[in-house]
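>
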Amino acid sequence: MEQIKTNKFKKACNLLADNSCLFRAIIATIFQTITMARAGFRIALLQLKVGANKQQNIENALTKIRSAVTDKGARIVALPECFNSPYGTQHFPAYAEEIPTGETSRSLAAIAKELGIYLIGGTIPERCATDSKLYNTCTVWSPEGALMATYRKIHLFDINIPGGITFRESDVLTGGSDLATVAIEGAKIGIGICYDIRFDELARLYRNQGCDMLIYPGAFNMKTGPLHWELLARGRANDTQSYVATISPARDASAGYVAWGHSMVVDPWAKVVAEANETEDTVVADVNLATVDEVRAQIPIFSQRRTDLYTTNAVEK
Ligand SMILES: *[C@@H]1O[C@H](CO)[C@@H](O)[C@H](O)[C@H]1NC(C)=O
Ligand SMILES: *[C@@H]1O[C@H](CO)[C@@H](O)[C@H](O)[C@H]1NC(C)=O
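Using the UniProt record's numbering, the first residue of the sequence shown is number 1, and each one after it goes up by one.
1) For the beta strand (DSSP E) containing Leu46, name the first residue and the last one.
2) Kindly indicate which residue of Met36, Lys49, Arg38 has the alpha-carbon position closest to the one of Thr279.
3) In chain order, what residues place their C-beta within less than 6 Å of a heavy atom belonging to ligand 1?
4) Would you check whether ligand 4 has a heavy atom nearer than 7 Å to the C-beta of Asp252?
5) Gly190 bridges to which residues according to DSSP?
6) Cβ of Thr291 within 8 Å of Cβ of Pro268?
7) Within a Cβ cutoff of 6 Å, which residues of the same chain sit near Gly210, ignoring the five residues on either side of it in sequence?
8) Count the C-beta pairs between the region 224-236 and the region 254-269 that are closer than 8 Å, then say yes if the count reaches three, no if not.
9) Buried or exposed: where does Gly102 fall if 16 or more other Cβ atoms within 10 Å of its Cβ makes it buried?
10) For Pro300 versus Ala78, is the C-beta distance shorter than 8 Å?
11) Using a strict less-than 5 Å threshold between each residue's beta carbon and the heavy atoms of ligand 2, what residues do you get?
12) Indicate whether Val273 and Val265 have their beta-carbon atoms separated by less than 8 Å.
13) Going by alpha carbons, who is nearest to Leu232 out of Leu202, Ser254, Pro100, Gly116?
14) Between residue 322 and Ser142, what straight-line distance do the alpha-carbon atoms span, to the nearest angstrom?
15) Does DSSP put Arg152 in a helix, in a strand, or in coil?
16) Could you tell me which residues DSSP puts in a beta bridge with Phe167?
17) When you compare only the Cα positions, how much space is there between Val287 and Ile43?
18) Hey, would you say Thr139 sits closer than 8 Å to Thr130, going by beta carbons?
19) Rank Glu230, Pro249, Ala250 by C-alpha distance to the C-alpha of Ala270 and give the top, closest one.
20) From the DSSP output, in three-state form, read off Glu98 for me.
21) In the DSSP assignment, what residue or residues form a beta bridge with Leu119?
22) Return helix, strand or coil for Asn277, following the three-state DSSP convention.
23) Considering Ala290, what are the terminal residues of the alpha helix (DSSP H) in which it resides?
24) In whole angstroms, what is the alpha-carbon distance linking Phe157 and Pro100?
25) Roughly how many whole angstroms lie between the Cα atoms of Arg106 and Lys133?
26) Going by alpha carbons, who is nearest to Ala276 out of Gly235, Asp171, Ala253, Gln47?
27) At 4 residues or longer, and completely inside the region 218-242: list those alpha helix (DSSP H) runs for me, N to C.
28) Using the C-alpha atoms, what's the distance from Cys194 back to Leu115?
29) Look up Pro86 in the DSSP assignment and say whether it is helix, strand or coil.
30) DSSP three-state label for Tyr257, please.
31) Which of the three DSSP states, helix, strand or coil, is assigned to Pro93?
32) Can you find a C-beta in chain D that's less than 8 Å from the C-beta of Leu232?
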């Protein structure tokens with residue numbers, strides 16, 4: 001179908017352009033623009049070990065970021081959820097910092113600038129400067145060390161699985177109310193955090209905004225991890241025909257909250273293209289934006305939705 005269109009277009013161009021060199025050049029330029037494949041970038045996901053020592057957690061992140069860039073050539077580096085603090089409501093107040101003045105923000109800004117990379121700064125417990133409320137927050141840093149975006153986890157992790165796991169983030173955290181996207185290397189990237197990945201509506205809103213990739217720092221556990229981690233990452237990739245990256249801390253069996261690990265990159269076909277196991281590791285993948293365009297052209301569900309019958313739209317605040 002695409003090929004037939006292209007041939008017809010070429011024929012039409014030749015016919016029209018026969019008389020004029022200039023005209024031919026213009027047509028060639030237009031044709032090139034239409035058919036030009038989008039490029040991409042290399043991303044590294046850092047599945048970091050996280051312990052009780054905040055300074056050590058930050059130092060470890062900086063070392064692994066440096067190696068992901070110098071040894072593996074990453075252009076974008078993404079960190080896990082809660083990488084400077086053990087994950088647990090009892091820990092958040094003590095580890096929380098203001099953004100961007102806290103020590104974690106300052107370290108991330110400096111390394112992004114030093115290496116000239118984009119840095120998706122996982123999440124940290126954030127203390128809001130104006131009202132002292134706590135949030136679970138992701139920061140994104142530019143190659144100049146500037147804060148490009150902050151995203152506060154929208155859906156708080158409150159679950160109760162008797163005999164499995166009970167957790168109530170809402171005991172200490174407040175939920176955010178804003179989506180966050182960043183434009184990086186020709187891609188538009190939407191940010192979510194962990195439990196947010198269960199809400200396909202959020203992914204849908206990002207797709208509506210034209211995102212090519214969704215990045216979710218997250219820490220699933222030994223109950224929900226094996227059941228849902230890959231399912232949800234592939235689910236969101238399938239629904240939105242986007243790349244999806246999930247970044248977990250490494251598993252520490254002695255921790256209060258034991259993370260599943262398995263950080264991964266899923267492509268717009270919903271295929272897992274790179275994945276860690278549970279150990280501390282760096283997952284590297286080449287994100288190819290032409291693949292996003294290819295999947296969307298070949299299975300055009302976005303334009304085939306019956307928006308006369310159903311829609312998912314952002315609510316005006
Ligand atoms: C894949 O995405 C399509 C389009 O949004 C959706 O209808 C379908 O239910 C999804 N399949 C799975 C297995 O999630
Ligand atoms: C887990 O991944 C690490 C790092 O890639 C590797 O060295 C190790 O062999 C893997 N473990 C298993 C059980 O596959």
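Glycine residues also receive a C-beta, built at the ideal position from the N, C-alpha and C atoms.
All values reported here derive from a predicted model rather than from experimental measurement.
For this structure:
1) 40-47
2) Lys49
3) Chain-ordered list of matching residues: Gly235, Asn238, Asp239, Ile301.
4) Questions concerning ligand 4 fall outside what the structure shown contains, since the ligands it does hold are ligand 1 and ligand 2.
5) Thr181, Leu214
6) Yes, the pair counts as a contact, with Cβ atoms nearer than the cut-off.
7) Lys188
8) Taking 8 Å as the limit for Cβ pairs, the verdict is that the region 254-269 does touch the region 224-236.
9) buried
10) Between Pro300 and Ala78, the C-beta gap is not smaller than 8 Å, which leaves the two residues out of contact.
11) In chain order, the qualifying residues are Asn277, Thr279, Asp281.
12) yes
13) Leu202
14) With the chain covering 1 to 317 only, the question about residue 322 has no answer from this structure.
15) Strand.
16) According to DSSP, Phe167 bridges with Ile159.
17) Looking at the two C-alpha atoms, the distance is approximately 7 Å.
18) no
19) Checking every option, the nearest Cα to that of Ala270 belongs to Glu230.
20) Here Glu98 carries a coil assignment [DSSP, helix/strand/coil].
21) Val77, Trp141
22) coil
23) In this chain, the alpha helix (DSSP H) harbouring Ala290 covers 289-298.
24) The straight-line gap from Cα to Cα measures roughly 24 Å.
25) 21 Å
26) Checking every option, the nearest Cα to that of Ala276 belongs to Gln47.
27) 230-240
28) 27 Å
29) coil
30) coil
31) helix
32) No chain D is part of this structure, which consists of one protein chain only.
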